[in-house]
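Trainee: Heads up: the sequence shown begins at 1 in this note's numbering, then just goes up one per residue.
Don't be surprised by glycine CBs; every beta carbon is placed ideally from N, CA and C.
Here the structure is a predicted model, which means the values were calculated and not measured.
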Amino acid sequence: MLYSLAFITGRRRGSAAQLTQPRDATALPCWAARATLAGPPAAGPVAAHGPAILTWLAAATLSAMATDVIPPFADDAFRRVLCVVAHPDDVEYGVSSAVAAWTARGVEVAYLLLTRGEAGMDSSPPERTAPLRTEEQIAGSQAVGVAEVEFLDHPDGVLEYSLGLRRDIARVIRRRKPDAVVAGSWDVEVVIGLNQADHRVAGLAAVDALRDAANRWVFPELLDEGLEPHSVRWLLVGGDPRPTHGVDVTGEPVERGIASLEAHAQYLAGIPGHPPPRPMITGITRLQGRAMGVPNAVLFRAWDFHAPPPIAAEALAAAQDG
Ligand SMILES: [Zn+2]
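(1) Is the beta carbon of L114 closer than 8 Å to that of A86?
(2) Roughly how many angstroms lie between the CA atoms of V181 and R79, to the nearest whole one?
(3) Taking the straight line between their C-alpha atoms, what separation do you get for Q196 and R211?
(4) Which first and last residues belong to the alpha helix (DSSP H) in which D212 is found?
(5) What span of residues does the beta strand (DSSP E) with L112 cover, start to end?
(6) Given a threshold of 16 other Cβ atoms within 10 Å of its Cβ, counted over all protein chains shown, does V158 qualify as buried or as exposed?
(7) Alpha helix (DSSP H) containing G246: first to last residue?
(8) Looking at C83: is its Cβ nearer than 8 Å to the Cβ of V107?
(9) To the nearest angstrom, how far is it from the Cα of D304 to the Cα of R167?
(10) Please report how far the alpha carbon of V149 lies from the alpha carbon of S141, in whole angstroms.
(11) Say the cut is 7 Å; is the CB of H199 nearer than that to a heavy atom of ligand 1?
(12) List the endpoints of the continuous alpha helix (DSSP H) containing E118.
(13) What are the uninterrupted segments assigned as alpha helix (DSSP H) that are 4 or more residues long and contained completely in the segment 254-303, given in chain order?
(14) For H306, does the count of other Cβ atoms within 10 angstroms reach 16, so buried, or fall short, so exposed?
(15) Contact defined as beta carbons within less than 8 Å: I believe G145 pairs with A100. What is the distance between those atoms, to the nearest angstrom?
(16) Please give the ranges of any alpha helix (DSSP H) in the segment 126-186, keeping only runs that are unbroken, at least 4 residues long and fully inside the region.
(17) Could you spell out the range, first to last residue, of the beta strand (DSSP E) harbouring L227?
(18) Within 10 angstroms of its Cβ, does A98 collect 16 or more other Cβ (buried), or is it exposed?
(19) Rounded to the nearest angstrom, what separates T103 and G273 at their Cα positions?
(20) Could you have a look at E314 and say whether DSSP puts it in helix, strand or coil?
Next comes the structure, spelled out in structure tokens:
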């Protein structure tokens, strides 16, 4: 990719409308698409391509006021991607359209579901819901060219952040050897409101497992299983209010993304007032497209784990200033 990614070296600030993908809740739906206002870019470690922060959200009106355009990933950015999410359908609110774009050009994408979403349908007991949502997730994955879907069978609704969960994710990372992991936000507050408990756990556990997978001395039992350390270069977070990169999903990818959400038909039918997938995904990707200057897009914040943080270069430069 990674290597040809055009890094942005200067601090850029602008404002742009962005809408991120909503995620399902288990007992209560949290699908509603909504934008929010975000403050100035936060300090801290950022992707190597820039002091991260390219965007403030002027999303109250969702009008495009971009003074900076979110750049695309390089065409050869990823060869193998692993998406780690808590529930069936978490990938399908936008991210799956990006997945469709990736798989169309030969990128290998696999999904890792930490649960089967068995607590997600009020009118259906978990033992009936689990196989239904499993089947719908597999159909939704196939719609965007993903054939590899794994379920860890951790409990839905009460997913716990634990060393065991980190180890289970790290195991899959070592086995699949992705060069990019896609995860959701672990923040308490996200653009659609307050983040669901399982989503927070899944995001944080994925980040930590990404590092665990690269450390020989963490979870040595994985070595006993024949799984050598693997260092993932990129973490891509969907729904982050400070996107650094986007994927143009105009045309076929967004069509396939719509189909992937439509695959969750029985689940969605149980959520009163859920909009039809077509206008929902069209709208979500159209709003994000404004930040890229294309009709439809999906935005990510990208973190490069193989590069020093930009602050390191700034510190060295400051030291040379005398
Ligand atoms: Zn969910």
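Mentor: In this structure, then:
(1) Mapped onto the sequence shown, residue 86 falls at position 86. Mapped onto the sequence shown, residue 114 falls at position 114. Contact: yes.
(2) Taking the first residue of the sequence shown as position 1, residue 181 is located at position 181. Taking the first residue of the sequence shown as position 1, residue 79 is located at position 79. Their backbone Cα atoms lie some 11 Å apart in a straight line.
(3) Reading the sequence shown from its first residue, position 196 is the one you call residue 196. Reading the sequence shown from its first residue, position 211 is the one you call residue 211. Their Cα atoms are separated by approximately 24 Å.
(4) Against the sequence shown, residue 212 aligns to sequence position 212. Looking at the DSSP string, the run of the alpha helix (DSSP H) that includes D212 is 197-214.
(5) Within the sequence shown, numbered from 1, the residue matching residue 112 stands at position 112. From DSSP, the beta strand (DSSP E) with L112 extends over 108-113.
(6) Counting from one through the sequence shown, the residue named residue 158 turns up at place 158. So V158 counts as exposed.
(7) For the purposes of this step, residue 246 is taken as the residue at position 246 of the sequence shown. It is not in any alpha helix (DSSP H) - G246 instead sits in the beta strand (DSSP E) that spans 245-248.
(8) Stepping through the sequence shown from its first residue, residue 83 is reached at position 83. Stepping through the sequence shown from its first residue, residue 107 is reached at position 107. Result no, Cβ atoms of C83 and V107 do not sit closer than 8 Å.
(9) Position 304 of the sequence shown, counted from the start, is the residue given in the question as residue 304. Position 167 of the sequence shown, counted from the start, is the residue given in the question as residue 167. Cα-Cα distance, rounded: 22 Å.
(10) In the sequence shown, counting from the first residue as 1, residue 149 sits at position 149. In the sequence shown, counting from the first residue as 1, residue 141 sits at position 141. Separation of V149 and S141 (C-alpha to C-alpha, rounded to the nearest whole angstrom) is 8 Å.
(11) As a first step, residue 199 must be located in the sequence shown, where it is residue number 199. It does: the Cβ of H199 is within 7 Å (strictly closer) of some heavy atom of ligand 1.
(12) As a working mapping, residue 118 is identified with position 118 in the sequence shown. That residue, E118, is in no alpha helix (DSSP H); it is neither H nor E in DSSP.
(13) 265-269, 277-292
(14) As a position in the sequence shown, residue 306 is number 306, starting the count at 1. Classification of H306: exposed, given that the 10 Å Cβ count is below 16.
(15) Taking the sequence shown and counting its residues from 1, one reaches residue 145 at position 145. Taking the sequence shown and counting its residues from 1, one reaches residue 100 at position 100. Correct: roughly 6 Å between the Cβ atoms.
(16) 126-143, 163-176
(17) For the purposes of this step, residue 227 is taken as residue 227 along the sequence shown, with counting starting at 1. Premise fails: L227 is in no beta strand (DSSP E) and is neither H nor E.
(18) Within the sequence shown, numbered from 1, the residue matching residue 98 stands at position 98. The residue in question, A98, is buried, as its Cβ has 16 or more Cβ neighbours within 10 Å.
(19) Counting from 1 along the sequence shown, the entry for residue 103 is found at position 103. Counting from 1 along the sequence shown, the entry for residue 273 is found at position 273. As the crow flies, the alpha-carbon of T103 is around 32 Å from that of G273.
(20) Counting from 1 along the sequence shown, the entry for residue 314 is found at position 314. Looking at E314 - three-state DSSP - the assignment turns out to be helix.
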